[in-house]
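Peer 1: Provided herewith is a single structure, encoded as structure tokens, for subsequent inquiry.
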Amino acid sequence: MCGRFALYADYEALLERFHIEEASLDKADYEENYNVAPSSQIVAVINDGERNRLGTLRWGLIPSWAKDEKIGYKMINARAETAAEKPSFRHAFKKKRCLIPANAFYEWKKGADGKTPMLIHLEGDGLFAFAGLWESWKSPEGELVHSCTILTTQPNALMADIHDRMPVILSEEAEKVWLDPDVQDPDILQKLIKPYEAAGLEAYEVSSSVNSPRNKGRELIRKIG
């Protein structure tokens, strides 16, 4: 699964990297976060058929038909292998796909002494995007909630030593197709959501301070050892 990640790119870098033409998230409201956790509002990119838009979505997808928003707590991830068929995700898979920008993500490696937090990032520490799905849900009181989930897939050679799943990281070319609302063929989409090449990723141990979502500072990405 993917339950924590870091986003610390400059606001301008986000706009440039993801070809943003419209943003509901202002620069003044954007904050670097080295420990993004579920249920929080996270930065996301969607395409409305004309342009790429930058905004925020609640992490933990609430299907439009849900009776209770609490279902979102269990929906922070969707399996890439089955998302196109699952009732909770199939509508979004076809019509509401998004990108979730990140600089790195965390995973906990199991060992004899317990779990060790590991940070994984692109070689060169570049900005990238997870493949995401989003939905809109209206509460009984009429409040509209926009939420999302991160797709996961089988681990590559690097991740297999850390965890049995990894988030789907899209190539820049795949990002364009993933965002295109006119692309609805599940076979085309399925080919995009595959494990990222191990050679393009690096991983290292970080402080257990990342275990608490209350800790959000830059020191969390510091390498140990």
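According to UniProt numbering, the sequence shown is numbered sequentially starting from 1. Note that CB positions come from ideal geometry on N, CA and C, so glycine has one too.
Looking at the unbroken beta strand (DSSP E) that takes in Q41, where does it start and where does it end?
Peer 2: Per DSSP, Q41 belongs to the beta strand (DSSP E) from Q41 to N47.
Peer 1: Ignore the nearest five residues each way along the sequence and tell me which others in W108's own chain have a CB closer than 6 Å to its CB.
Peer 2: Around W108: K115 and P117.
Peer 1: Does the segment 83-93 come within contact of the segment 162-175, defined as at least 3 CB pairs closer than 8 Å?
Peer 2: The segment 83-93 vs the segment 162-175: no contact.
Peer 1: Excluding the 5 residues preceding and the 5 following K194 in the sequence, name in chain order all residues of the same chain whose CB lies nearer than 7 Å to its CB.
Peer 2: Closer than 7 Å at the Cβ level, and outside the excluded window around K194, lie T153.
Peer 1: Once the 5 residues before and after S209 are set aside, which same chain residues still bring their CB inside 8 Å of it?
Peer 2: Excluding sequence neighbours, S209 sits near N215, E219 and L220.
Peer 1: Looking at the structure shown, is L174 part of a helix, part of a strand, or coil, going by DSSP?
Peer 2: In the sequence as displayed, the identity of residue 174 is Ala instead of Leu. Helix, per DSSP.
Peer 1: Should P101 and V43 be called a contact, given that it needs their Cβ atoms to be closer than 7 Å?
Peer 2: The answer is yes: Cβ separation under 7 Å.
Peer 1: Roughly how many angstroms lie between the CA atoms of L99 and D10, to the nearest whole one?
Peer 2: In a straight line, the C-alpha of L99 is about 17 Å away from that of D10.
Peer 1: Measure the alpha-carbon distance for F128 versus I188 and round it to whole angstroms.
Peer 2: Distance between the alpha carbons of F128 and I188 is about 21 Å.
Peer 1: Which whole-angstrom value is the C-beta distance of A92 and G55, which I expect to be below 8 Å?
Peer 2: Not quite, the Cβ-Cβ distance comes to about 16 Å (not below 8 Å), so this is no contact.
Peer 1: Taking only the alpha-carbon atoms, compute the straight-line gap between W59 and I224 and give it to the nearest angstrom.
Peer 2: Going by the C-alpha atoms only, they are around 29 Å apart.
Peer 1: At what residues does the beta strand (DSSP E) containing K109 begin and finish?
Peer 2: A104 to G111 is the extent of the beta strand (DSSP E) around K109.
Peer 1: For D164, collect the residues of the same chain with a Cβ closer than 7 Å to its Cβ; drop the 5 residues on either side in sequence, then sort them by chain order.
Peer 2: The residues are P155.
Peer 1: On a Cα-Cα basis, can you pick out the residue from L25, I20, R222 and P38 that is closest to M75?
Peer 2: When each option's Cα is compared against that of M75, the closest is P38.
Peer 1: Pick from E69, K95, E12 and A28: whose alpha carbon is nearest that of D141?
Peer 2: The amino acid occupying residue 141 in the given sequence is Glu; Asp does not appear at that position. Checking every option, the nearest Cα to that of E141 belongs to E69.
Peer 1: Whole angstroms are fine: how far does the CA of L158 sit from the CA of S203?
Peer 2: Checking the sequence, you will find Ala at residue 203 rather than Ser. Each residue's alpha carbon lies about 8 Å from the other.
Peer 1: Give me the residue from R79, C2, Q41 and L57 with the minimum Cα distance to residue 309.
Peer 2: Nothing about residue 309 can be reported from this structure: the residues present for the chain run from 1 to 225 only.
Peer 1: Under three-state DSSP, which class holds E12?
Peer 2: Of the three classes helix, strand and coil, the one that applies to E12 here is helix, per DSSP.
Peer 1: Could you round the C-beta distance between N103 and L7 to whole angstroms and report it? I think they count as a contact, below 8 Å.
Peer 2: Contact holds; Cβ gap of about 6 Å.
Peer 1: Would you give the residue range spanned by the beta strand (DSSP E) that R53 belongs to?
Peer 2: Where R53 is concerned, the enclosing beta strand (DSSP E) stretches over N52 to W59.
Peer 1: Could you tell me which of D125, P186 and E32 sits nearest to E81, measuring between CA atoms?
Peer 2: Measuring from the Cα of E81, the nearest candidate turns out to be P186.
Peer 1: Just to confirm the assignment, what range does the alpha helix (DSSP H) spanning residue 258 have?
Peer 2: What is shown of the chain runs 1 to 225, which leaves residue 258 out entirely.
Peer 1: Please work out which residues of its chain come closer than 6 Å, Cβ to Cβ, to K138, disregarding the five sequence neighbours upstream and downstream, and give them in chain order.
Peer 2: Excluding residues within five positions, the ones whose Cβ falls inside 6 Å are L144.
Peer 1: Around the Cβ of R53, are there at least 16 other Cβ atoms within 10 angstroms (buried) or fewer (exposed)?
Peer 2: It is buried - the Cβ of R53 has at least 16 other Cβ atoms within 10 Å.
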